[in-house]
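A short write-up of the structure that comes next.
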Amino acid sequence: MEKRWVHHQHTNREVIDELSHQLTIDSNLAEILVNRGISSFEEARHFFRPQLAHLHDPFLMKDMETAIDRIDLAISTNQHILIYGDYDVDGTTAVALAYQFFHQFTKNIAYYIPDRHSEGYGISTQGIDYAKANSFDLIIALDCGIRSNDKVAYANSLGIDFIICDHHLPGVEIPNAVAVLDPKREDCEYPFKELSGCGIGFKLAQAYCMVKDLPDELYERYLDLCMISIAADIVPIVDENRVMAYYGLLKLNENPSTGLKALMQISGKTESYSIMDVVFM
């Protein structure tokens with residue numbers, strides 16, 4: 004396959020030379036870094052040596068506190084929670100993460116993934132009817148819902164609350180859900196806009212652990228699912244995505260989640276997995 008290489012010329016030689024000096028690297032490599040938006044020693048350190056401590060505060064995301072309060076209410080009063088996600092890799096990993104995480108705190112929880120042929124993309128009327136028929140009080144939608152204004156309104160009319168965790172661009176109006184977590188909202192000041200849908204679910208789990216003063220391990224154990232979503236959904240592997248991809252890949256190779264371990268055994272691959280392996284397998 005023929006590849007087209009585009010070389011971005013950076014005119015600020017002072018920045019390139021200074022970065023080359025700080026990192027003791029060749030100026031050509033420094034120029035590549037600068038062209039990728041990495042122009043300081045600290046930015047380079049974050050890029051080459053990602054740390055979990057570099058993850059942003061989840062409560063910088065608009066509506067996060069409201070979402071946690073509603074989930075806490077559901078768990079403490081034994082309400083029934085339905086985890087709803089899209090049918091692609093990002094959506095299914097997001098559902099797996101959220102379901103397994105919150106199942107640690109409540110048994111009144113189930114999941115729903117719509118049929119792509121009969122229900123189509125996103126939240127469906129059929130899915131909401133399923134929630135009503137089975138007495139669910141709260142739907143947490145992942146990797147979908149940001150443009151499902153009519154479906155959220157329908158759920159509201161049935162007495163079902165919605166929390167939306169999405170990473171797609173919103174429409175003109177935000178759905179009338181209890182909480183809408185989406186860093187691409189114009190009124191959201193979250194510092195990183197390119198999370199995957201599973202990444203939004205990860206931030207929700209992180210926030211819950213922070214509020215409840217629970218060990219970080221309770222949500223970090225799902226980093227391999229986040230990494231799979233990042234690779235499959237082709238979101239930029241920078242900032243938080245780079246941190247989650249790095250540590251998720253370590254977990255995949257050292258102690259993968261049960262479902263991923265089964266898939267790895269089927270693949271027959273014996274060497275360590277790279278991010279490229281994940282994309283193409």
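Each residue of the sequence shown is one higher than the last, beginning at 4 in the working numbering. The beta-carbon is built from N, C-alpha and C at its ideal position, and this holds for glycine as well.
Excluding five sequence positions before and after I86, the CB atoms of its chain that fall closer than 6 Å to its own CB belong to V98, A101, Y102, Y114, I143, given in chain order. With 16 or more other Cβ atoms inside 10 Å of its own Cβ, Y211 counts as buried.
Taking the C-beta atoms as reference points, S260 is found no nearer than 8 Å to V92. About 14 Å separates the beta carbon of I71 from that of V183, a gap too long to meet the 8 Å contact definition. When secondary structure is reduced to three states using DSSP, D118 falls in the coil class, being assigned neither helix nor strand.
In this structure, P53 sits near V246, with a CB-CB distance shorter than 8 Å.
Beyond the five residues adjoining it in sequence on each side, Y90 comes within less than 7 Å, by CB distance, of I116, P117, R119 in the same chain, given in chain order. By alpha-carbon distance to K154, the top candidate from S138, L145, F165 is F165.
A136: not part of any beta strand (DSSP E); member of the alpha helix (DSSP H) spanning 128-136, first to last residue. Residues of the same chain with a CB within less than 8 Å of the CB of T109, apart from the 5 flanking positions on each side, are A77, I78, N81, I84 in chain order. Rounded to whole angstroms, C191 and D185 show a C-alpha spacing of 7 Å.
Rounded to the nearest whole angstrom, the C-alpha separation of K272 and K6 is 27 Å. Taking the C-beta atoms as reference points, Y193 is found no nearer than 8 Å to L55.
Excluding residues up to 5 positions away in sequence, F104, Y222 lie with their Cβ nearer than 6 Å to the Cβ of A208 in the same chain. A straight line joining the alpha-carbon of F205 with that of Q25 spans about 34 Å. Exclusion of the five residues before and after G130 leaves Y87, Y115, P117, E122 as the residues of its chain whose Cβ lies within less than 7 Å of its Cβ. Checking the DSSP bridge columns, you'll see I166 partnered with I143, A182. Look at the stretch 242-272 and you find these whole runs of alpha helix (DSSP H), each 4 residues long or longer: 242-257, 261-270. The three-state secondary structure of G148, taken from DSSP, is coil. Counting C-beta atoms within 10 angstroms of its own C-beta, M279 has fewer than 16 neighbours from the protein chains shown and is therefore classed as exposed. Under DSSP, I112 shares a beta bridge with I84. In this structure, the CA atom of K254 is about 36 Å from the CA atom of G174.
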